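**Student:**
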Amino acid sequence: MTFCVPIEQTHTAYHHQDVPLLAAHDHVPVISSNRFLSPLKLQNMNLVHSPSHSLQLPKFISHFQNTPKFYPPKRVTTSNLETIGSNIFSNSTASIPIKAASEGVDTAVVVVEEEEPQLKKIQVFEGHPAPFGATVRDGGVNFAIFSANAVSATLCLISLSDLPENRVTEQIFLDPLTNKTGDVWHVLLKGDFKDMLYGYKFDGNFSPEVGLYYDPSKIVLDPYAKSVISRGEFGVLGHDDNRWPQMACMIPTAENKFDWEGDSPLKYPQRDLIIYEMHVRGFTQHESSRTEFPGTYLGVVEKLDHLKELGVNCIELMPCHEFNELEYYSYNSVLGDYKVNFWGYSTINYFSPMTRYSSAGTRNCGQDAINEFKLLVREAHKRGIEVFMDVVFNHTAEGNEKGPILSFRGVDNSIYYMLAPKGEFYNYSGCGNTFNCNHPIVRQFILDCLRYWVTEMHVDGFRFDLASIMTRSSSLWDAVNVFGSPIEGDLLTTGTPLSSPPLIDMMSNDPILRDVKLIAEAWDAGGLYQVGMFPHWCIWSEWNGKYRDIVRQFIKGTDGFSGAFAECLCGSPNLYQEGGRKPWNSINFVCAHDGFTLADLVTYNEKHNLANGEDNNDGENHNNSWNCGQEGEFASISVKKLRKRQMRNFFLCLMVSQGVPMIYMGDEYGHTKGGNNNTYCHDNYVTFYTQPLLRCSYPLSKLTVDYVHYLSTTMQINYFRWDKKEESSSDFFRFCRLVTKFRHECESLGLNDFPTAERLQWHGHAPGTPDWSETSRFVAFTLIDSVKGEIYIAFNASHLAVTITLPERPGYRWEPLVDSGKPAPFDFLSSDVPERDLAVKQYSHFLEANLYPMLSYTSIILVLSPNGNA
1 MTFCVPIEQT HTAYHHQDVP LLAAHDHVPV ISSNRFLSPL KLQNMNLVHS PSHSLQLPKF
61 ISHFQNTPKF YPPKRVTTSN LETIGSNIFS NSTASIPIKA ASEGVDTAVV VVEEEEPQLK
121 KIQVFEGHPA PFGATVRDGG VNFAIFSANA VSATLCLISL SDLPENRVTE QIFLDPLTNK
181 TGDVWHVLLK GDFKDMLYGY KFDGNFSPEV GLYYDPSKIV LDPYAKSVIS RGEFGVLGHD
241 DNRWPQMACM IPTAENKFDW EGDSPLKYPQ RDLIIYEMHV RGFTQHESSR TEFPGTYLGV
301 VEKLDHLKEL GVNCIELMPC HEFNELEYYS YNSVLGDYKV NFWGYSTINY FSPMTRYSSA
361 GTRNCGQDAI NEFKLLVREA HKRGIEVFMD VVFNHTAEGN EKGPILSFRG VDNSIYYMLA
421 PKGEFYNYSG CGNTFNCNHP IVRQFILDCL RYWVTEMHVD GFRFDLASIM TRSSSLWDAV
481 NVFGSPIEGD LLTTGTPLSS PPLIDMMSND PILRDVKLIA EAWDAGGLYQ VGMFPHWCIW
541 SEWNGKYRDI VRQFIKGTDG FSGAFAECLC GSPNLYQEGG RKPWNSINFV CAHDGFTLAD
601 LVTYNEKHNL ANGEDNNDGE NHNNSWNCGQ EGEFASISVK KLRKRQMRNF FLCLMVSQGV
661 PMIYMGDEYG HTKGGNNNTY CHDNYVTFYT QPLLRCSYPL SKLTVDYVHY LSTTMQINYF
721 RWDKKEESSS DFFRFCRLVT KFRHECESLG LNDFPTAERL QWHGHAPGTP DWSETSRFVA
781 FTLIDSVKGE IYIAFNASHL AVTITLPERP GYRWEPLVDS GKPAPFDFLS SDVPERDLAV
841 KQYSHFLEAN LYPMLSYTSI ILVLSPNGNA
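So the sequence shown is numbered by UniProt numbering: it starts at 1 and just counts up by one.
Dropping the structure here:
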């Protein structure tokens, strides 16, 4: 196809390297191959058809002001040459020479290759600067993105077929005069965008020393994109073996409405929650799950009844935002395999659910993955289970100054990240960069994102990873404004903690977000530790890391922790009462994804992280664990019995403490990770050496076939083992299930306020004589319950057995309900235990004397029954 365009020496040029432009006459200035004329220069032109053809193209000058502009696509063809106002559409495959005639203006003939059409009838309008992202409106899709420091912006449209080849299908150049309002670039498109994705190219300074990383060769993701498409299968490299494949954003449509079937928030009082921290892929990926859709949102739906049986009424999903699981794709010589970012704490896009957690994958450009996540939430709500999300607003996957340009860095690095004066990245996250949460643009982004997940995706709450970063100042000016002028030596820097962080303030008072649960992991990698001191507005709860550490120390028998342990049982009033918060502001946990599992906590004194390929240097060294006498899985029968007893002690403590208990996935059956306390990088069988071979260097190939089989079936460390759960159904899982049921039945175990002396009384080996000395390892108390009456709970963390004296209650008799020193089913004497009456009678001579014998390292619950009938 050939057509002529007028040339002006002062024209506005658009960079476009894919359109070959040739001069038709010697006297006509040559249009270089990387330029294309601005559509504004087409004004006052009359397009006329070549005399050799009968087609007459009408004038369009009178229509231009009220019609969208024509921007050159990737390759101009007859199929996409269009002038909307005049209804000129060229769909011919013939070569039609078109001349642009204009008096006094030189013209050039431009020859453009013909090819098959990519887009049909795309219409381009100025668009609107709000809302950010791609939104359906005015019969089209509006694109708006913030970038204060870019000098030019290009919207790139990419077909699903072009994405794997790293090709751009169409490019739309945004005119800074008409497609920019303030610092927002925008454009409105109308057309058929089926199977189309989008991204942006920004041009500007590439000056890392001032925090700018503009590279017009990079396609970057819209931070507000609702779905991101990259590889189709979890953990599988593309055909080019690129661990960072080209990614693109979904273009929304007015279709694909999801049927919520009348779903509404459950809005449980937080004091009534039992939280279950879980990993979507790890929950059902193991073959023993026998799910139709393993490792997906639908897989979780298939297993929701297990959570209901356990007594869980809230799931906390480890990161489900789009991330690159091959980010850490480095060779692990220990396993002879490559590392995988299994946990997902390295976000690429915060609005997009992880598509590779969906059975639909990238189908329908990611819309089906969105709907599958919604289905998970809807079905969880039907079973009375709230859904929380673990969100990572402390850093992104773009790393430090050597990291990739994926989204925020290419959009406006100096805004989205905390930078030192010479452009270096502050690293309060320990992951290379720090999200600049309290910058006005960034905090608005976070608020918009959270509102989206609440209103559109129906989630019930959020746990904020390394939340202390969200309390840090976005600039030195912020710190000076709060703390006064910096003293000599410039002690104040960007990232100084703020007493009233703008982001936390806005979230706490947001009309939408203050109605959901907000949980802070109140520390960061920069040394800021705010447990009990996180800015809260009486809204925020905290992962109570002090509870974890104190409970571990006391249960294993460390001296000096009886008083602190009692505080934990009461909901940590020493941390939360003075600030006006309640027991339910404490999220109590013994184990989480970071650190040992519950089974490993009682099996290993030291971490065993050799399988991570980092010479055992990664992971926490101070675990407050105790192996009960022998290190590792191979142990005597007596040691294994003690370990089970300790597991019951920990779980019982969690369920009888005031505050909100959180269970880690798999702890309900005793899942082991082989002593690895930092399993972020494993998505397979970890066939590393168990205890007898830990100090050896034998390659796995030298082990016997039987031993390899043993390893491979016991060391799949990040997958929930449904076969092991079944084996535990009449043992530890039963115990956990019954204890959680007991907690739900007792209003006194989920108090709205801290217990007072009228409701709670402390005891020692004798009633009313608690021992808070440094050497005490015994804590007991009675609790008045409106349903159960009076409850007696005791923990003996000593290596010595003890016979305790119970409080006298005339007309009543204490009866055993829980004794962690007994094997199943006698560890919990529920009414369905056939031998229950016989078991109770065995203690009758003790109970008649108001006595009860406790073995070493045990815990008990006794209930008061009139006339000796429980």
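Glycine residues also receive a C-beta, built at the ideal position from the N, C-alpha and C atoms. Nothing here was measured: the structure is a model prediction, and the numbers come from that model.
Given this structure, state the Cα-to-Cα distance separating residue 306 from residue 460, to the nearest angstrom.
**Tutor:** Taking the straight line from one Cα to the other gives about 20 Å.
**Student:** Below 8 Å, how does it come out for the stretch 614-625 and the stretch 295-303: are there three or more Cβ pairs, yes or no?
**Tutor:** Contact between the stretch 614-625 and the stretch 295-303 is absent, because fewer than three Cβ pairs lie under 8 Å.
**Student:** Find the nearest neighbour of residue 758 within the set 737, 369, 738 and 786, judged by alpha-carbon distance.
**Tutor:** Considering only alpha carbons, the answer is 786.
**Student:** Roughly how many angstroms lie between the CA atoms of residue 286 and residue 721, to the nearest whole one?
**Tutor:** Residue 286 and residue 721: Cα-Cα distance of roughly 7 Å.
**Student:** Nearest CA to the CA of residue 844: which residue from 816, 827 and 831?
**Tutor:** Ranking 816, 827 and 831 by Cα distance to residue 844 puts 816 first.
**Student:** Can you grab the Cα-Cα spacing for the pair residue 311 / residue 651, in whole Å?
**Tutor:** Approximately 13 Å, taken between the alpha carbons.
**Student:** Residue 599 and residue 671 - do their beta-carbons sit closer together than 8 Å?
**Tutor:** In this structure, residue 599 lies closer than 8 Å to residue 671 by Cβ.
**Student:** CA-CA distance, residue 769 and residue 802?
**Tutor:** Their Cα atoms are separated by approximately 15 Å.
**Student:** One question on the structure: do residue 168 and residue 200 come within less than 8 Å of each other, judged by their Cβ atoms?
**Tutor:** It is not a contact, given that the beta carbons lie outside the stated cut-off.
**Student:** Could you tell me which of 793, 462 and 593 sits nearest to residue 862, measuring between CA atoms?
**Tutor:** For the residues 793, 462 and 593, the minimum Cα distance to residue 862 belongs to 793.
**Student:** List, from N- to C-terminal side, the beta strand (DSSP E) runs of 3 residues or more that fit wholly inside the stretch 498-582.
**Tutor:** Fully enclosed beta strand (DSSP E) runs of 3 or longer: 517-520 and 541-543.
**Student:** Nearest-angstrom Cα distance between residue 690 and residue 621?
**Tutor:** Because residue 690 sits at a pLDDT of 46, beneath the cut-off of 50, its placement in the model cannot be relied upon, and the point is left open.
**Student:** Output the boundary residues of the alpha helix (DSSP H) element that contains residue 453.
**Tutor:** That run of the alpha helix (DSSP H) goes 440-455.
**Student:** Out of 625, 788, 730 and 639, which one is the CA nearest neighbour of residue 832?
**Tutor:** The shortest C-alpha separation from residue 832 is found at 730.
**Student:** In its own chain, which residues sit with a C-beta less than 6 Å from the C-beta of residue 368, not counting the 5 before and 5 after it?
**Tutor:** Only 360 meet the Cβ criterion.
**Student:** Where residue 457 and residue 734 are concerned, what is the direct C-alpha to C-alpha distance, given to the nearest angstrom?
**Tutor:** Roughly 34 Å between the two C-alpha positions.
**Student:** Could you round the C-beta distance between residue 322 and residue 388 to whole angstroms and report it? I think they count as a contact, below 8 Å.
**Tutor:** Contact doesn't hold; Cβ gap of about 18 Å is too wide.
**Student:** Considering just the uninterrupted stretch of the beta strand (DSSP E) at residue 626, what are its terminal residues?
**Tutor:** Run containing residue 626: none; DSSP gives neither H nor E here.
**Student:** Determine the DSSP secondary structure at residue 298, reduced to helix, strand or coil.
**Tutor:** It is helical.
**Student:** So what's residue 794 in DSSP terms, helix, strand or just coil?
**Tutor:** In the structure shown, residue 794 sits in a strand (DSSP, three-state: E or B).
**Student:** List the DSSP bridge partners of residue 185.
**Tutor:** According to DSSP, residue 185 bridges with 145 and 180.
**Student:** Mapping the DSSP letters down to three states, classify residue 43 as helix, strand or coil.
**Tutor:** For residue 43, the predicted structure reports a pLDDT of 35, less than 50, and the residue's modelled location is therefore unreliable. The matter cannot be settled from this model.
**Student:** Taking the alpha-carbon positions, what's the residue 518 to residue 626 distance?
**Tutor:** Distance between the alpha carbons of residue 518 and residue 626: 33 Å.
**Student:** Quick check: the Cα distance between residue 233 and residue 741, rounded to an integer number of angstroms?
**Tutor:** In a straight line, the C-alpha of residue 233 is about 39 Å away from that of residue 741.
**Student:** Hey, out of 130, 193 and 645, whose CA is closest to residue 180's CA?
**Tutor:** For residue 180, the nearest C-alpha among the options comes from 130.
**Student:** Considering just the uninterrupted stretch of the beta strand (DSSP E) at residue 196, what are its terminal residues?
**Tutor:** 196-203 is the span of the beta strand (DSSP E), which, as asked, contains residue 196.
**Student:** Just to confirm the assignment, what range does the alpha helix (DSSP H) spanning residue 413 have?
**Tutor:** First-last of the alpha helix (DSSP H) with residue 413: 408-416.
**Student:** Restricting to Cα atoms, I'd like to know which of 572, 648 and 463 is closest to residue 555.
**Tutor:** With distances taken between Cα atoms, residue 555 lies closest to 648.
**Student:** In terms of residues, what are the limits of the beta strand (DSSP E) holding residue 373?
**Tutor:** First-last for residue 373: 367-382, but that is the alpha helix (DSSP H), not the beta strand (DSSP E).
**Student:** Let me know the secondary structure DSSP gives residue 460 once reduced to three states.
**Tutor:** Three-state result, residue 460: coil.
**Student:** In whole angstroms, what is the alpha-carbon distance linking residue 143 and residue 165?
**Tutor:** Spanning the two alpha carbons is a distance of roughly 24 Å.
**Student:** Sorted by chain position, which residues of the same chain lie with C-beta nearer than 6 Å to residue 474's C-beta, five sequence neighbours on each side aside?
**Tutor:** Hits under 6 Å: 436, 438 and 439.
**Student:** If I measure Cβ to Cβ from residue 397 and keep anything under 7 Å in the same chain, skipping five residues before and after, which residues do I get?
**Tutor:** The residues are 323, 324, 327, 346, 347, 348 and 406.
**Student:** Tell whether a beta-carbon distance below 8 Å holds between residue 190 and residue 133.
**Tutor:** Not a contact, by the Cβ cut-off of 8 Å.
**Student:** Please name the residue, chosen from 194, 419, 155 and 236, that lies closest to residue 209 on a Cα-to-Cα basis.
**Tutor:** Checking every option, the nearest Cα to that of residue 209 belongs to 419.
**Student:** Any Cβ of chain C within less than 8 Å of the Cβ of residue 418?
**Tutor:** As a matter of chain content, chain C is missing from the structure shown, which is built from one protein chain.
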